[in-house]
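**Q** Protein chains in written order, with this note's numbering: chain U, 23 to 331; chain R, 5 to 510. The beta carbon of each residue, even a glycine, is placed where N, CA and C say it ideally should be. Let me give you the structure first, and then I'll get to my questions.
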Amino acid sequence: MKSLRCSLAALTLAGATHSALAADTLDIVVPFAAGGATDIVARSFEPVFSQHMGVTSVVRNVASASATVGTAEVAGSEGNPNIIEYAPAGSLSIQPSLKELSYGPDSFTYICRTVSNPMFLMVSKSSDIESFQQLVEQSQEYPFLYGSSGPGTLPHLAMAALVVNSDLKAEHVPYSGSGPAMNALAGNEIQIMADTETILENYDLRPLAVFAEQRVKGYENVPAIDELGLPALDFAVWQGVVAPKGISEERAAQYADACKATVESERFRTFAEKAKAGIAYLGPNDFEAFVKRRFEANKQVLQDAGLTQ
Amino acid sequence: MDVILAAAGDAFTWQALLAIVIGTWAGIVIGGLPGLGSVVGLTIFLPFTFGLDVITSMALLIGVYCGSVYGGSITAILINTPGTPQSAATTFDGYPMTQQGRVDEALGWATFASFFGGVLSCVLLIFCAPQLAKFAVNFGSIEVFALVCLAMLCIVGISRGSLLKGLLCGMMGFFFSMVGSDPITGADRFTFGTQALSSGLDLIPVVVGAFALSEIFVRFSARDEEATVIPEARLRFPPLGEIGRRLIELMRGSFIGSFVGALPGTGAAAAAFISYATAQKLSPRRAQLGKGEPDGIIASESSNNAVTGSAFIPTLALGIPGDVVTAMMMGAMVIHGITPGVRLMADQAQTVYALFVVLIIVNVVMLILSKPSIGLFRYLFKLPLGFVMAGIVMFSFIGAASVRGNPLDLVVAALTGILAYALRRGGYPLAPLVIGMVLGPALESSLRRGLLISRGDFLSFFTHSGIATTLFVLIGLFLVWTLWSSFMQWRAKLARRRQTSTRVIE
């Protein structure tokens, strides 16, 4: 019995050491399963980042469908200087408006944005549709179906926004990831999909437009959405680093410097090029403003598309 | 030909061979430990691959993957606890054989069937990948719905004794799979307003609870009985004549596994259940299934290992990962600068062929390592029963916690264990619960997606395509067959009773 009491006491102590002191180890939460698109980038980011921080870091995958569980854990660790999240766009800028969550855009100390890839509007190469105009015309008789990697994901939102803002008639069919959606597109179960350059290059797809404010390098003949006579729609898949609220200013500055150095490092750049992740660094203040702007814009889309009240 | 030789050269480097041996060995052990399965194994080894070259890292991961799918069968046979969900169907006949003292034979069949399925699917992958991938693309949501319905029917077959109890457990598993986010609207359901439940119940904690923990409770509640002694694990390969006699079973299981593996979003556990259900209808020894018949082990093990090869078909031919495991391998490829996609076969032929060679070597190595691995488990299980059980509990919880890093999964595993113990004491079969849990998400999302595609018209499912119609007709035939045979049984029983009663009157 005594040994039990001792070990309980030791456990409580171990629990209590999780204080405001910066330790030698850093917990990097990735809210997706190991091997996923976000995880790969995070795992290439981690070694350089921890070197610059002078700590040993551990990537911890806290997987859940829409990445909210891992994000909520970081938001809930207020004041803990030894935990950060490598966060995807969805859990920061979409999920809080879609679900009742324990966090919102104000629950974090923003460190940096690392990468960002604009999304393209795509159809299968085997279809005869060559332009957005044609797509709209053909959809009038019989509405098209567009796929997404799940409800409330960026591919879903981008298409929902497009349908609301144009004459395109299309309905949503969610899949459990980009892969199954691509399978459905190949089998003509769905006809349209919005996703990033990686998807566009890996499959037989034809881009019709890009969800960005101007044309994208490498795809100069793909028009931006606002050139099609529509309001500008800006949708990109981005990732960034956030820490919990309540950490000291020096710690936040230390994180920010390490992040900047990592993104500029040769090693991370080479990787990003291979994985087709477009490096798009934003510092703490710009990143915070960016997330809040995206949060409001996405909220509006969700409302317009009737996905929330 | 030059490409193939060059690829073989890539695969036969000492680094790659070492990676294969280490990966396969580790995979078998990880797969054999309840709770630790393919995904956990790959998560452990993924970080190591960052420093290796492409072929070596793929060799390591493929070894872990194939080894773990095979390893699950060892504990399924020895202690009625599948090491991975993929081997759940192996317990149906594997454990009865153990109870009859035929451990060596059961392990021999499991090993040989795994090898056979693995190699056959490699051959299919090498020669028919583009064709199979093209065919798999025709499997849209409606076709998958029909296929899953067909697989669900195997609940009928394995709930011997009481169909009602089997169906109840199946419904329970199906319900467990519905907790969490709605696949179509994304809204939370059955979460009681808690964020922890919003990611749903994972398969691994439920399987760990239902099989491993409940088995331990059962053994402890009956610890003085003869049945709780774990028999000494030995391996005896089936003689050639026997293999020839059951060749059809091996082929059928391997083809079903290869085919199901090529469909995105199904996986090895579903393949094993589908294959077992087919064996129940087509095996010449079907009357013995479930009572310790090698055909049952063959159906399960040949199909789940066939998935390991064919899961690469959509990944390599289309860049579409078939399940979580291949998604992780695709991730590893991307890290090394290979982006799987429609052009992979053309652009990176040498790498792709090297992967084929690696897959075949892995299966051969698996066959060679099976004996020492089973020997290892023999030593482990020679320890006092209490230690073995404690070890299983520990690994079960480690496995449950490490899949998603969600502490709730530990609670889920413990509660499922208690529930499963109660169910077993009440004579409820647990396999339907796992089948419901495995097939539930596929059934629900394919049905609802199908309804979106057909604009809410369910009747058009039956005429959607040739494949769908064929599958629905098969389901109809199966139902008619089952009803008809139970009707005939009932009549025979009635006639017998009438005979005896008239005899009494006379």
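1. Identify, in the order they occur along the chain, each residue of the same chain with its Cβ nearer than 6 Å to the Cβ of PRO110/U, setting aside the five sequence neighbours on each side.
2. What is the rounded straight-line gap between the Cα of LEU230/U and the Cα of PHE143/R?
3. Below 8 Å, how does it come out for the region 337-353 of chain R and the region 303-321 of chain R: are there three or more Cβ pairs, yes or no?
4. Just verifying my parser: in three-state terms, what is the DSSP assignment at ALA32/U?
5. Can you tell me which of ILE50/U, PHE54/U, ASN83/U puts its alpha carbon nearest to the alpha carbon of PHE67/U?
6. What residue ranges within the region 232-306 of chain U form continuous alpha helix (DSSP H) runs of no fewer than 4 residues, ordered along the chain?
7. Using 8 Å for Cβ pairs, my map puts ILE78/R next to TYR99/R. What's the rounded Cβ distance?
8. Got a sec: is the Cβ-Cβ distance from PRO266/U to anything in chain R below 9 Å?
9. Can you check whether the C-beta of SER202/R is within less than 9 Å of a C-beta belonging to chain U?
10. Of all the options SER198/U, ASN187/U, ALA208/U, which has the alpha carbon lying nearest to the alpha carbon of SER170/U?
11. Anything in the region 114-134 of chain U with a Cβ closer than 7 Å to a Cβ of chain R? List those residues in chain order, please.
12. Roughly how many angstroms lie between the CA atoms of GLN236/U and ALA278/U, to the nearest whole one?
13. Closer than 9 Å between beta carbons: that is the criterion. Which residues of the region 308-321 of chain R meet it against chain U?
14. Under 9 Å, Cβ to Cβ, is there at least one residue of chain R near ILE301/U?
15. Report the three-state DSSP secondary structure of SER124/U (helix, strand or coil).
16. Should ILE208/R be labelled buried (16 or more other beta-carbon atoms within 10 Å of its own) or exposed?
17. Contact criterion: CB-CB distance below 9 Å. Does LEU179/U meet it with respect to chain R?
18. Can you list the residues of chain R that GLU211/U reaches, using a CB-CB cut of under 7 Å?
19. Do the region 419-439 of chain R and the region 237-255 of chain R touch if we need at least three Cβ pairs shorter than 8 Å?
20. Keeping to the same chain, check which residues put their C-beta closer than 8 Å to that of GLY101/U; ignore five residues upstream and five downstream.
21. Could you work out which residues of chain U lie near ARG408/R, taking near to mean beta carbons separated by less than 9 Å?
22. What residues match up with ARG193/R in a beta bridge as DSSP calls it?
23. In angstroms, rounded to a whole number, what distance separates the CA positions of VAL392/R and ALA214/R?
24. Counting only C-beta atoms, is ILE339/R closer than 9 Å to chain U at any point?
25. For GLY199/U and chain R, any beta-carbon pair shorter than 9 Å?
26. Taking C-beta pairs closer than 8 Å, name the residues in chain R that LYS191/U reaches, listed in chain order.
27. So ASN410/R is in the alpha helix (DSSP H); what residue range does that whole segment cover?
28. Can you tell me whether VAL484/R is buried or exposed? The criterion is at least 16 other CB atoms within 10 Å of its CB, across all chains shown.
29. Name, going along the chain, the residues of the region 47-63 of chain R whose beta-carbon falls closer than 8 Å to a beta-carbon of chain U.
30. At what residue ranges does the region 56-109 of chain U contain a whole run of the alpha helix (DSSP H), taking only runs of 4 or more?
31. Could you give the first and the last residue of the continuous alpha helix (DSSP H) run that contains GLY169/U?
32. If you draw a straight line from the alpha carbon of VAL210/R to that of LYS497/R, how long is it in whole angstroms?
33. Whose Cβ in chain R lies nearer than 8 Å to the Cβ of LEU167/U?
34. Below 9 Å between beta carbons: does that hold for GLU219/U and PRO140/U?
35. Please tell me whether PHE257/U and ALA180/U are closer than 9 Å, where the distance is taken between their beta carbons.
36. Three or more C-beta pairs closer than 8 Å, one from the region 119-132 of chain R and one from the region 300-312 of chain R: is that the case here?
**A** In brief:
1. THR60, ALA89, GLN261
2. 27 Å
3. yes
4. With a pLDDT of only 44 at ALA32/U, under 50, the local geometry of the prediction cannot be trusted, and the value read off the model is given with reservation. Note: ALA32/U maps to helix in three-state DSSP.
5. ILE50/U
6. 271-286, 288-296
7. The Cβ separation is near 12 Å, so there is no contact.
8. no
9. yes
10. SER198/U
11. LEU120, LYS121, LEU123, SER124
12. 29 Å
13. PRO318, THR319
14. no
15. coil
16. buried
17. no
18. GLY144, SER145, ILE457
19. no
20. ALA42, PRO266, LYS267, GLY268, ILE269
21. ALA55, ASN83, VAL84, ALA85, SER86, VAL91
22. GLY184/R
23. 18 Å
24. yes
25. yes
26. Near LYS191/U there are no residues of chain R at all, since even the closest Cβ is about 13 Å away, more than 8 Å.
27. No alpha helix (DSSP H) contains ASN410/R, which DSSP labels as neither H nor E.
28. exposed
29. THR47, LEU50, PRO51, PHE54
30. 59-75, 90-98
31. It is not in any alpha helix (DSSP H) - GLY169/U instead sits in the beta strand (DSSP E) that spans 166-170.
32. 40 Å
33. LEU456, ILE457
34. yes
35. yes
36. yes
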